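The listed protein sequences correspond, in order, to chains A and B. Residue numbers for the first sequence follow my numbering, beginning at 1 and rising by one. Residue numbers for the second sequence follow my numbering, beginning at 1 and rising by one. One structure is given below, encoded as structure tokens.
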Amino acid sequence: MYDIKALYEAESVQDACRLLTEHPEAQVIAGGSDVLVQVREGKRAGKELVSIYMLDELRGISIDKDENVRIGSLTSFSNITKNPIIQEKIGVLGEAVNMIGGPQVRAIGTIGGNTCNGVTSADSASTLHAWEAIIEITGPDGVRYDKIKDFYIKAGTVDLNLGEIQTAILIPKESYENCFGHYIKYGKRNALEIANIGCSVNVRLSKDKKTFDRVRIAYGVAGPVPMRAPSAEAFINGKAVTEENIEQFGKEVLNDINPRESWRGGKKFREHMAVVMAQRALRESIRKAGGEVR
Amino acid sequence: MSERQYKTVHFTLNGKPTERNVDVRASLTDMLRNDYRMTSVKKGCEVGECGACTVIINGEAFDSCIYLAVWAEGKEITTLEGLLGPNGELSDIQEAFVEETAIQCGFCSPGFILSAWEILNTGKEYTDDELRKLLSGHLCRCTGYENIFRAVKKTMLRRLGKYEEAEKVNDAGIVDTDERKPFASLDPTVQA
Ligand code: FES
Ligand code: FES
């Protein structure tokens, strides 16, 4: 038995907003792979929960009328990896969430939960930052949208007000068209591991594939919240696809990131990893984009 | 907790429709073990790390310890008990676990077998690395995994009609052929 004070099951999105407004202390539970574990640990024991898990309307992936890729917040990691739209347009997201936990955890864990935790090590987070995802938030007064970088406020805190839940994640066409990305997760084990540092890169090459038209890079665990590396991006955009530029791109990253010292890894070590991962992820993204390094 | 809160859930367990009034605080593991005596569902870590509590929900393996019992509403759930034939016959994958000594204490076995069941039901042929990843949601403290891996691989090959190849799966889980040296997958120069 879990130590739960009360469980309120939402029957619709509006019902969830109402329940959360009526019970301001309550915690939202989606798949529960974090919340239920925290209840067991005692961290969230004895609290009220509002479950949205049964809201099937929040599951599934589609292309909406504005040609955004729309991912319902309750879509599980395993369904994201298997989805043909994701495979075609944002393959790297399917690959990144396929590195979370183990298969059974990926069956229950949701992309919405992964982002609403506000945890920097979440495997989806760096890729969603690198692809400039838009977060759809529904509350008692309707729907609003947040850029993902504004959604993450600080470690463990995201931009959700009383009565609001995250209902979808959108990737705009401008963001995914002709883009190819790669995610590298560094951890001590191959499965059931939290990222020690994670790096997601994507590129759009020029037509002749000789120039970097747009490169975006984001990290998890390089700071308290997932973050882009703006100086590295500014350095490489418009430059030729050469090994020299790739090397320098990695080094530029150090102007942007600020990893901390923790038992999972030291600061210096993480900085070194961040440089190497940026270079490798960029090379792999170029390869996926059909380009060639000169 | 001031007042107990209950809810009636309707679902299908091992092919039979059923309903129960459950305490909303119960995990699916609690309900299956306590209300249905499905003792193949083991309580290991109870935080989603070891896979001992694995059950199949709508065709996909889940850790039942981090799944609320009330979420079973409308689902089709299979436990290890559901793999047995009408007269208690073992399924092919269970037979293979016995044959390969993939079981020692047996605590991890029901979970492993159910994940294997999901993998095998796709009807696909997976590479060794893919199989390892698909089985990575389970911890075993006894066997060292190789026997388990072999049992799953042999059953996969047999279901695909590749009987001869299945018999050649050696102790390292690798198919012995003249062209392919054993431990090829451990050679760092060979890209998986
Ligand atoms: S008991 Fe459920 S994963 Fe360990
Ligand atoms: S056989 Fe004992 S834990 Fe696997």
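Glycine is no exception: its CB is placed at the ideal position from the N, C-alpha and C atoms. These figures come from a predicted structure and were not determined experimentally.
Which residues of chain B have a Cβ atom closer than 9 Å to the Cβ of residue i, listed in chain order?
{"i": "residue 203 of chain A", "result": "In chain order: nothing, as chain B lies at least about 22 Å away."}
Pull the bridge partners of residue i from the DSSP assignment, please.
{"i": "residue 198 of chain A", "result": "A/185, A/220"}
{"i": "residue 193 of chain A", "result": "Per DSSP, none; premise fails for residue 193 of chain A."}
{"i": "residue 139 of chain A", "result": "A/142"}
{"i": "residue 312 of chain A", "result": "Absent from the model: residue 312 of chain A. The displayed extent of chain A is 1 to 294, so no value can be given."}
{"i": "residue 180 of chain A", "result": "A/203"}
{"i": "residue 62 of chain B", "result": "B/55"}
{"i": "residue 21 of chain B", "result": "B/8"}
{"i": "residue 265 of chain A", "result": "A/262"}
{"i": "residue 5 of chain A", "result": "According to DSSP, residue 5 of chain A bridges with nothing at all."}
{"i": "residue 76 of chain B", "result": "B/12"}
{"i": "residue 227 of chain A", "result": "A/219"}
{"i": "residue 295 of chain A", "result": "Shown here, chain A extends from 1 to 294; a query on residue 295 of chain A therefore has no answer."}
{"i": "residue 147 of chain A", "result": "A/134"}
{"i": "residue 104 of chain B", "result": "Answer is none; residue 104 of chain B lacks a bridge partner."}
{"i": "residue 139 of chain B", "result": "In the DSSP output, where bridge partners are listed per residue, residue 139 of chain B has none listed."}
{"i": "residue 27 of chain B", "result": "B/68"}
{"i": "residue 94 of chain B", "result": "Note: residue 94 of chain B sits in no beta bridge, so no partner."}
{"i": "residue 29 of chain A", "result": "A/51"}
{"i": "residue 289 of chain A", "result": "None; residue 289 of chain A has no bridge partner."}
{"i": "residue 166 of chain A", "result": "A/137"}
{"i": "residue 171 of chain A", "result": "A/69"}
Could you check whether residue j and residue i sit closer than 8 Å to each other, using their CB atoms as the reference points?
{"i": "residue 195 of chain A", "j": "residue 220 of chain A", "result": "yes"}
{"i": "residue 123 of chain A", "j": "residue 99 of chain A", "result": "yes"}
{"i": "residue 74 of chain B", "j": "residue 10 of chain B", "result": "yes"}
{"i": "residue 231 of chain A", "j": "residue 255 of chain A", "result": "yes"}
{"i": "residue 201 of chain A", "j": "residue 281 of chain A", "result": "yes"}
{"i": "residue 5 of chain A", "j": "residue 27 of chain A", "result": "no"}
{"i": "residue 7 of chain B", "j": "residue 70 of chain B", "result": "yes"}
{"i": "residue 265 of chain A", "j": "residue 192 of chain A", "result": "no"}
{"i": "residue 37 of chain A", "j": "residue 47 of chain B", "result": "yes"}
{"i": "residue 120 of chain B", "j": "residue 93 of chain B", "result": "yes"}
{"i": "residue 61 of chain B", "j": "residue 115 of chain B", "result": "yes"}
{"i": "residue 118 of chain A", "j": "residue 156 of chain A", "result": "yes"}
{"i": "residue 85 of chain A", "j": "residue 111 of chain A", "result": "no"}
{"i": "residue 156 of chain B", "j": "residue 125 of chain B", "result": "yes"}
{"i": "residue 145 of chain A", "j": "residue 134 of chain A", "result": "yes"}
{"i": "residue 218 of chain A", "j": "residue 130 of chain A", "result": "yes"}
{"i": "residue 214 of chain A", "j": "residue 245 of chain A", "result": "no"}
{"i": "residue 81 of chain A", "j": "residue 59 of chain A", "result": "no"}
{"i": "residue 186 of chain A", "j": "residue 95 of chain A", "result": "no"}
Who are the neighbours of residue i on chain B, taking C-beta pairs under 8 Å?
{"i": "residue 32 of chain A", "result": "66, 67, 68"}
{"i": "residue 40 of chain A", "result": "46, 47"}
{"i": "residue 78 of chain A", "result": "60"}
List, in chain order, every chain A residue whose beta-carbon is nearer than 8 Å to that of residue i.
{"i": "residue 61 of chain B", "result": "103, 104, 107"}
{"i": "residue 25 of chain B", "result": "1, 2, 3, 4, 7"}
{"i": "residue 30 of chain B", "result": "1"}
{"i": "residue 71 of chain B", "result": "51, 53, 54"}
{"i": "residue 136 of chain B", "result": "102, 103, 190, 191, 192"}
{"i": "residue 155 of chain B", "result": "Those within 8 Å of residue 155 of chain B in chain A number zero; the least Cβ separation is about 18 Å."}
{"i": "residue 12 of chain B", "result": "Within 8 Å Cβ-Cβ: nothing; residue 12 of chain B doesn't reach chain A, min ~17 Å."}
{"i": "residue 109 of chain B", "result": "The contacting residues do not exist; residue 109 of chain B stays about 16 Å from chain A at best."}
{"i": "residue 8 of chain B", "result": "None at all; the shortest Cβ gap to chain A is about 12 Å."}
{"i": "residue 115 of chain B", "result": "103, 104"}
{"i": "residue 51 of chain B", "result": "102, 104"}
So residue i contacts chain A; which residues on that side make the cut at Cβ distance below 9 Å?
{"i": "residue 122 of chain B", "result": "Near residue 122 of chain B there are no residues of chain A at all, since even the closest Cβ is about 11 Å away, more than 9 Å."}
Could you list which residues in chain B have their beta carbon closer than 7 Å to that of residue i, in chain order?
{"i": "residue 37 of chain A", "result": "47, 48, 66"}
Residues of chain A with CB under 7 Å from residue i, in chain order?
{"i": "residue 15 of chain B", "result": "Ordered by position in chain A, no residue passes the 7 Å Cβ test against residue 15 of chain B, which lies about 21 Å from the chain."}
{"i": "residue 54 of chain B", "result": "104"}
Taking 8 Å as the CB-CB limit, is residue i close to chain D?
{"i": "residue 5 of chain B", "result": "Absent from the structure: chain D. Protein chains present are A and B."}
Within the segment 39-125 of chain A, ranges of the beta strand (DSSP E) (whole runs, at least 3 residues): DSSP runs (the beta strand (DSSP E)) wholly in the segment 39-125 of chain A: 47-51, 61-63, 69-72.
Does the pairing of the segment 135-153 of chain A with the segment 163-175 of chain A give three or more beta-carbon distances under 8 Å? Touching, yes.
Count the CB pairs spanning the segment 203-211 of chain A and the segment 269-287 of chain A that are closer than 8 Å, and state whether there are at least three. Output reads yes: the segment 269-287 of chain A touches the segment 203-211 of chain A.
Do the segment 19-32 of chain A and the segment 101-113 of chain A make contact, defined as three or more Cβ pairs closer than 8 Å? Because the criterion of three Cβ pairs below 8 Å is met, the segment 19-32 of chain A and the segment 101-113 of chain A touch.
Take every Cβ of the segment 47-59 of chain A, pair it with every Cβ of the segment 16-26 of chain A, and state whether three or more of those distances are shorter than 8 Å. Touching, yes.
When you compare the segment 67-75 of chain A with the segment 9-26 of chain B, are there three or more beta-carbon pairs, one atom per stretch, that lie closer than 8 Å? The segment 9-26 of chain B and the segment 67-75 of chain A do not touch, with fewer than three beta-carbon pairs separated by less than 8 Å.
Are three or more beta carbon pairs between the segment 34-41 of chain B and the segment 83-98 of chain A nearer than 8 Å? Touching, no, given that fewer than three Cβ pairs across the two stretches are closer than 8 Å.
Is there contact between the segment 248-263 of chain A and the segment 173-184 of chain A, where contact requires at least three CB pairs shorter than 8 Å? As far as the Cβ criterion goes, the segment 248-263 of chain A does not touch the segment 173-184 of chain A, which means the pair count is below three.
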